[in-house]
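Colleague: Questions regarding the structure given below will be posed in turn.
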Amino acid sequence: MSDDCGQAWTEHKAADGKVYFYNRVTKQSVWEKPDELKSAEEASCGSAGGASVWTEYTAAGGKKYYYNKATKETTWTRPAALGAADGPPSEGHGAQQPPAQNAPVAGAPRFVPPVEELPLPRTPVEAFERMLQRIGVDSTWTWEQTMPAAISHPEYRALRTLGERQECFTKYIERLQGREKEQREALRAERRAKMDKYFDGLGSLGPFSTWRKYEKMVGAAADMDDIPLEERKMFFSEYVGKLLASRVSREASARTEGKEKLRTLLLSLPDIALSTSWEEAQRILEGNRDYQTDPALLVLDKLDALETFDECMAQLEKQDAAQQQKVKDEVRRRERIRREAFKALLAELRCQGKIDAKSRWQEFYPTIKDNAQYLDMLGQPGSTPIELFWDVVEDVYEELYAKRKQIEKAFKEHGVHIAAEMPLDDIVEAIPAEMMADLHASDVAYIAEQLHEKALRKEEENQRRKERSRLKREDHFKASLRHLEPRLGPDASWDEVRPRVENKSSFLAIESEEERIAVFEQYINKLKGRTE
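Take 1 as the starting number for the sequence shown in UniProt numbering and just add one per residue.
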């Protein structure tokens, strides 16, 4: 028998790691190790001094519990070591007084009741929420209201920190509130459906019905006692509102359909044009049989008809603008084709050598004056034939300029010098043959002329530079003559003066004796002119 009782008990650990024991037969959980599981030494220790280690306390509800100072265990069941429940209290707890409601006994360990329901929660959060459910927490409770009622339960310590407990409590309350809201909404939906069915049965409700007219009827309706009067009034307003919205929607659909029919009718009438006024359109519609008899058109008022007419005019304007743009695009397309054809003609004449860098319009005009591509361009906006011609000439000039630079580079590499007096034929012969292969004869002649002109300009610049240098040397020599001491007089001779200046830099700078004498004579003549 003792073996069977021992097998009924199983050992478990709570969330905080503390060991407790569960009896599968009695469904009881205790912190104290049952006698059936104790060894012989534990049993003898318990029987010898068991009464001295147990202390009796009273929980908040008046229920007694017992604490073992040796094993740190707490239990509702009175230990056998303390004797019968109606016996005299032991010395260890006889002087104790019941603690105040929801307050622990001073000096005693806080009681944590054993888990009485199995299987145990899978997570600390689940254990804490189960505790909240067991103590009756509902959606109206606050944390301050909940904590005193929950603090004596073991699941209160399933979550270790106060923040975790408050967060779990908040989520639990929010979940309760959400379920209650869903229940309220479901109940309201059920009541609304019930009232809608009742309103449908009346048959007299319209979009402009008032609560005052139907208040008594709806208030006295059978099978509506479970629906508060305020809700009935709200459901009535909603029902009438739906009727009004349905009517408005039907009228809007009818007006939309009628306006669409009127638009189609206006656009199909040959007398309606972009220049038609509203007064003229009204007279045309008044004489139209469809407009006067079609039910879809009869629902329209004057304002609807005017709006539709304006929309038709806007559509006609849009169509007209699109047509005009199409015509413009076609004209531009034809102009572009003519322009491209004339450009192709100019390119062909360029390939034939009839256009070069020296071409002029007056000389070129007879070549194309009777050409169809040229005649098609006359009077056309945009670039004129003359402008396109000059564009080609400019391109030719740029092309030959680049070619001339290449030839000059080749001359420099081969040591060829173009002199100002060099004939054009000699310049042409000096140009490498491979560089003239893709050029017309007129292009080669033009490049030779450009090279010759450049050589002339260079020679002229050299002459001007030499002249400036000569004049500068002469001025320096005259300055030397002017600063001689004693000063020269009008009757001074070159033979007398030469020994006095022959070592001066201004004298040596003039290499020709004739030039020195000429400068001296100019200076003396100037002196003579001043004395006369």
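Glycine included, every Cβ here is placed at the ideal spot set by N, Cα and C. Predicted model only: the values in this text are computed from it and were never measured.
Give me whichever residues DSSP pairs with residue 11 in a beta bridge.
Modeller: Under DSSP, the beta-bridge partners assigned to residue 11 are 21.
Colleague: Among the residues of its own chain, which have a CB less than 6 angstroms from the CB of residue 156, if the five just before and after it don't count?
Modeller: Once the five neighbours on either side are set aside, the close Cβ partners of residue 156 are 150.
Colleague: From what residue to what residue does the alpha helix (DSSP H) around residue 235 run?
Modeller: 229-268
Colleague: What runs of the alpha helix (DSSP H), each 4 residues or longer, lie entirely inside the region 449-530?
Modeller: 494-501 and 505-509
Colleague: Would you mind giving the Cβ-Cβ distance between residue 300 and residue 328, rounded to the nearest angstrom? I have them listed as a contact below 8 angstroms.
Modeller: The Cβ separation is near 38 angstroms, so there is no contact.
Colleague: Determine the closest residue to residue 396 out of 351, 362 and 367, with distance taken between C-alpha atoms.
Modeller: Of 351, 362 and 367, the smallest CA-CA separation from residue 396 is found for 351.
Colleague: Can you say whether residue 217 is buried or exposed, counting buried as having 16 or more other CB atoms within 10 angstroms of its CB?
Modeller: exposed
Colleague: Kindly indicate which three-state DSSP category residue 54 falls into: helix, strand or coil?
Modeller: strand
Colleague: Report yes if the C-beta distance between residue 389 and residue 364 is below 8 angstroms; otherwise report no.
Modeller: Between residue 389 and residue 364, the CB-CB gap stays under 8 angstroms.
Colleague: Is the beta carbon of residue 509 less than 8 angstroms from the beta carbon of residue 483?
Modeller: no
Colleague: Measuring alpha carbon to alpha carbon, tell me which of 309, 290, 416 and 401 ends up nearest residue 279.
Modeller: Closest by alpha carbon: 309.
Colleague: Within 10 Å of its beta-carbon, does residue 285 have 16 or more other beta-carbons around it, so buried, or fewer, so exposed?
Modeller: Residue 285 is classed as buried because its beta carbon has at least 16 other beta carbons within 10 Å across all chains shown.
Colleague: Cβ of residue 420 within 8 angstroms of Cβ of residue 455?
Modeller: yes
Colleague: Residues in its own chain within less than 6 angstroms of residue 516 by CB, not counting five upstream and five downstream?
Modeller: Excluding sequence neighbours, residue 516 sits near 510.
Colleague: Cα-Cα, which of 207, 170, 226 and 492 is closest to residue 195?
Modeller: 226
Colleague: Please report the straight-line C-alpha distance between residue 178 and residue 142, rounded to a whole angstrom.
Modeller: 16 angstroms
Colleague: Where are the alpha helix (DSSP H) runs, 4 residues long or more, that stay fully inside the region 176-223, in chain order?
Modeller: 211-219
Colleague: Determine the extent of the alpha helix (DSSP H) in which residue 313 is found, giving its start and end residues.
Modeller: The continuous alpha helix (DSSP H) containing residue 313 extends over residues 302-351.
Colleague: Can you tell which of 399, 430 and 423 has its C-alpha closest to the C-alpha of residue 414?
Modeller: 430
Colleague: Which residues in the same chain have their Cβ closer than 8 angstroms to the Cβ of residue 338, if we skip the five residues on either side of it in sequence?
Modeller: 373, 376, 377 and 380
Colleague: In whole angstroms, what is the alpha-carbon distance linking residue 188 and residue 240?
Modeller: 17 angstroms
Colleague: By how many angstroms is the C-alpha of residue 8 removed from the C-alpha of residue 117?
Modeller: Residue placement at residue 117 cannot be trusted, given a pLDDT of 42 that sits under 50; what the coordinates show is reported in the next sentence. CA-to-CA, the gap between residue 117 and residue 8 works out to about 16 angstroms.
Colleague: Pop quiz: residue 220 and residue 198 are said to be a contact at Cβ under 8 angstroms. What is the actual Cβ separation, rounded to whole angstroms?
Modeller: So it is not a contact: roughly 12 angstroms between Cβ atoms.
Colleague: Using the Cα positions of residue 20 and residue 153, report the straight-line distance between them to the nearest angstrom.
Modeller: Pairing residue 20 with residue 153, the inter-Cα distance amounts to about 15 angstroms.
Colleague: Got a sec? Which residues, its chain only, sit under 8 angstroms from residue 523 by beta carbon, not counting five neighbours each side?
Modeller: 478, 481, 482 and 488
Colleague: How should residue 54 be labelled, buried or exposed, when 16 other C-beta atoms within 10 angstroms of its C-beta is the threshold for buried?
Modeller: buried
Colleague: Within this structure, are the beta carbons of residue 80 and residue 124 separated by less than 8 angstroms?
Modeller: no
Colleague: Using beta-carbon positions only, say whether residue 75 and residue 32 come within less than 8 angstroms of one another.
Modeller: yes
Colleague: Per the contact definition of three or more C-beta pairs closer than 8 angstroms, is the region 237-257 in contact with the region 199-214?
Modeller: yes
Colleague: What would DSSP say about residue 64, mapped onto helix, strand or coil?
Modeller: strand
Colleague: Is it the case that the region 434-448 contacts the region 346-362, given that we only count it when at least three CB pairs across the two stretches are under 8 angstroms?
Modeller: Segments in contact, yes.
Colleague: Using the Cβ count rule (16 or more neighbours within 10 Å means buried), how would you classify residue 146?
Modeller: By the Cβ-count criterion, residue 146 is buried, with 16 or more other Cβ atoms from all chains shown falling within 10 Å of its own Cβ.
Colleague: Report the rounded CA-to-CA distance for residue 418 versus residue 371, giving the unit in angstroms.
Modeller: 43 angstroms
Colleague: Measuring alpha carbon to alpha carbon, tell me which of 211, 238, 175 and 358 ends up nearest residue 193.
Modeller: 238
Colleague: Closest by CA to residue 302, which one among 283, 289, 317 and 320?
Modeller: 283
Colleague: I'd like to check one pair, residue 231 with residue 184: are the Cβ atoms closer than 8 angstroms?
Modeller: no
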